[in-house]
Amino acid sequence: MKPFQTLHALAAAACIACLLFAPATQAQVADVDDVDEASLQLLDDLHIPAKGQYKAPFHVKGKKILDVNGKVVSMHGVNWFGFETPDSIVHGLWARSYQDMVKQMKDLGFNAVRLPFCPKTLTASNISGGVRYDLNPDLQGKTPLQAMDRIIAEFANNGFYVLLDHHRPDCNAISQMPNIPGYTLDDWTRDLVFVTTRYKDVKNVIGIDLKNEPHSDWGTGAFWGTGKVENDWKLAAEKAGAAVHAANPKVLVFVEGVSDNAGSCQTPDGHWWGGNIEPVQCFPIDENKIPGNRLVLSPHIYGPDVADQAYFADSAGFPDNMPRIWENQMGRFMATYPVALGEFGGKFMGKDQVWQTHFVDWLKCKGTKNFFYWAWNPNSGDTGGILQDDWISVNTGKYENLKRLWDGSPVDHDICAVAAD
Numbered sequence: 493m494k495p496f497q498t499l500h501a502l503a504a505a506a507c508i509a510c511l512l513f514a515p516a517t518q519a520q521v522a523d524v525d526d527v528d529e530a531s532l533q534l535l536d537d538l539h540i541p542a543k544g545q546y547k548a549p550f551h552v553k554g555k556k557i558l559d560v561n562g563k564v565v566s567m568h569g570v571n572w573f574g575f576e577t578p579d580s581i582v583h584g585l586w587a588r589s590y591q592d593m594v595k596q597m598k599d600l601g602f603n604a605v606r607l608p609f610c611p612k613t614l615t616a617s618n619i620s621g622g623v624r625y626d627l628n629p630d631l632q633g634k635t636p637l638q639a640m641d642r643i644i645a646e647f648a649n650n651g652f653y654v655l656l657d658h659h660r661p662d663c664n665a666i667s668q669m670p671n672i673p674g675y676t677l678d679d680w681t682r683d684l685v686f687v688t689t690r691y692k693d694v695k696n697v698i699g700i701d702l703k704n705e706p707h708s709d710w711g712t713g714a715f716w717g718t719g720k721v722e723n724d725w726k727l728a729a730e731k732a733g734a735a736v737h738a739a740n741p742k743v744l745v746f747v748e749g750v751s752d753n754a755g756s757c758q759t760p761d762g763h764w765w766g767g768n769i770e771p772v773q774c775f776p777i778d779e780n781k782i783p784g785n786r787l788v789l790s791p792h793i794y795g796p797d798v799a800d801q802a803y804f805a806d807s808a809g810f811p812d813n814m815p816r817i818w819e820n821q822m823g824r825f826m827a828t829y830p831v832a833l834g835e836f837g838g839k840f841m842g843k844d845q846v847w848q849t850h851f852v853d854w855l856k857c858k859g860t861k862n863f864f865y866w867a868w869n870p871n872s873g874d875t876g877g878i879l880q881d882d883w884i885s886v887n888t889g890k891y892e893n894l895k896r897l898w899d900g901s902p903v904d905h906d907i908c909a910v911a912a913d
C-alpha cells in the first residue's frame, strides 16, 4: 500500500477501536469509510511517544515516583478546569488559544497538568460554549472528546505530564461517592477504562485520578474501611483501579482520601473533601487490586479562603500549629507512599497568604516533588487562579510562592524543626 493509503487504513482502524471502547453512554457512531483529514489528526493525537524531562512509563518505588530510567520524577502542575462543567471545554478559550495557554504554563516552569472531566465530556456531540473559534480554529466542529484529544496532545508534545481526573458524575456537582442516581459504579468504572484505553498510546498521560473528592456529609457518603460497597471509598477505588490497571498496566492510579471518617483511624483535626488519607494505615489498599508500584495517594488540602477550620483561629496558635497537623494528616505517610497533592490553593490574601506561605515552607521541608495547584483558571470562586481575571496576567504573589517548590530556594529550617517535633 502507498503511505497515504496506509495512513487511511490505520485511521479507519483507530475509528473502529474508538467504537469498541466506547464509554458507558457513548451515543456517537463513526463512519469508518469516511476517513478524512480529521481522522488522520485523531490518529496523530492518540499516538504520541514519551516526551519531556522524565521518560514514561512511570512507576512507584517506596515513596518515590520514578521514570523508566529510574530518575526521580518531579511534577509541578496546575489544574485547568472546564471539561467537567456544562461547557464541556477547558475555560479561557473565549480569551486565548489553548496553544498559547500551554506555552505560558511551560514558560512559567510548570511541567504537568490535571485535567478534570465528566461523563458528558466523553459523549456530548458538541462543545456547549466558551470558545472563540477565530483563536482556536482547529476546535471548530469538534466534540468535547475530540477537543480533549487535541489539548492533551498539545500538552504531551510540549513535554507535559497529564493527569486525568473524573471530577463530577453529573457535570455539575461533586458527589460523595462516584455513583449517583442514573450513573452507577459500573458506569463510572467503564468511563475510567475508556479514557485509560483511549490515551494508552499518549505516553505522557501518566495517571488516572479515579474520583474527585470523595466525602461524607452528616454521617452519610464516602468513608474508608466500612466493608460495605455502598459507602466504602476504598472498595470502590480498588474495583475501579483494578479495571484501570488491567486496561493499561503502565498507568499510575491516583487515589484520593475521604473527608471525616466517622472517627475511625484518624486524628481529630478537620479534614477536607478528598483530603483524609489517614485510614490507609488501618485499611491499606489491596495490592492485588492496585499494585503498589502503580499506586499514588493524592489528598486535597485548603486554607482559610475555602472554608473555616478551628485550627485557623488565632487562639488555636495559627499558623505555628499547622506543621503538626499537616504531619499527622499527610506527612507521616510520605515516608512510605508517594503522596502527590491533587489540589491546594486560595486567593493568597490575608490569612490565606499566611497559610499558603507556611504550607509551601512545610512542603519544602518534606521534599515534596509532585503537586497540582488549584487552579490555572482565575474563575474559581473561592480560590482564584494563577492567572488574573484577564486570563493573561499572572498573580505574581501566588506564583512566586509556589515556584519555591522547584527553584532551589532555601528551606525554612524553623518550620522543619516544628514539623519534626
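Heads up: the sequence shown begins at 493 in the numbering used here, then just goes up one per residue. A virtual CB, placed ideally from N, CA and C, is assigned to each residue, including glycine. Fair warning: this is a prediction, and the values are worked out from it, not measured in the lab.
Between residue i and residue j, what straight-line distance do the alpha-carbon atoms span, to the nearest angstrom?
i	j	result
L538	A645	7 Å
G574	A867	11 Å
V831	G823	9 Å
A587	F602	21 Å
T681	T888	40 Å
S620	S872	19 Å
P796	D881	21 Å
D806	Q845	15 Å
N785	K555	10 Å
Q668	Y803	24 Å
A639	H583	12 Å
S589	V910	45 Å
E819	G809	16 Å
Taking the beta strand (DSSP E) that residue i belongs to, which residues open and close that run?
i	result
V747	744 to 747
L787	787 to 789
Y653	653 to 658
F609	604 to 609
V697	697 to 701
K556	556 to 558
Beta carbon of residue i, beta carbon of residue j: below 7 Å?
i	j	result
W764	I793	yes
F715	A665	no
I700	V747	no
Y865	V594	no
T688	A739	yes
F550	I698	yes
K856	V903	yes
K890	F840	yes
V745	G733	yes
Q848	N893	yes
P741	I769	no
K703	P670	yes
I817	D761	yes
Quick one: what's got a C-beta closer than 7 Å to residue i's C-beta in the same chain, skipping five residues either side?
i	result
D523	Here D523 scores only 42 on pLDDT, less than 50, and its place in the model is too uncertain to base an answer on.
E730	I777, D778, K781, I782
Y829	K555, L789
V560	K547, A548, P549
D853	D904, I907
D874	D797, V798
Alpha helix (DSSP H) containing residue i: first to last residue?
i	result
A729	725 to 739
R642	636 to 649
F686	677 to 690
F863	That residue, F863, is in no alpha helix (DSSP H); its beta strand (DSSP E) goes 863 to 865.
V570	Careful: V570 lies outside any alpha helix (DSSP H), inside the beta strand (DSSP E) at 568 to 571.
F775	Neither: F775 is in no alpha helix (DSSP H) and is coded neither H nor E.
V552	No alpha helix (DSSP H) contains V552, which is instead part of the beta strand (DSSP E) from 551 to 553.
G842	842 to 858
N820	814 to 821
Y891	888 to 894
Y590	590 to 600
Thinking C-alpha only, which one of the options is nearest residue i?
i	options	result
Q596	V694, I817, N869	N869
E705	V745, D679, W847, R660	R660
G767	C757, D752, P760	D752
K634	D906, I769, Q533, K726	Q533
G544	K695, G717, A616, Y891	K695
R642	P611, P670, K839, L607	L607
S566	Q821, W710, W818, G651	G651
L677	V552, L727, D536	L727
Please tell me whether residue i has its Cβ less than 7 Å away from any Cβ of chain B.
i	result
N671	The structure shown contains no chain B; it is built from a single protein chain.
Between which residues of its own chain and residue i is the CB-CB distance below 8 Å, once the five residues before and five after are set aside?
i	result
T860	M826, V831, L833, L897
L879	G584, W868, N869, P870, S885, V886, N887
C663	E576, T577, P578, S580, C610, P611, K612, T613
F513	With a pLDDT of only 47 at F513, under 50, the local geometry of the prediction cannot be trusted, and the value read off the model is given with reservation. Within the same chain, F513 has close Cβ partners V685, F686, T689, R690.
Within a Cβ cutoff of 6 Å, which residues of the same chain sit near residue i, ignoring the five residues on either side of it in sequence?
i	result
Y691	V697
L637	L614
P771	W716, G717, N753, C757
L655	R606, G699, D701
A542	A548, K695
Can you tell me whether residue i sits near the ligand NAP, meaning its C-beta is under 6 Å from at least one heavy atom of the ligand?
i	result
R690	Among the components modelled here there is no ligand, and therefore nothing to report on the ligand NAP.
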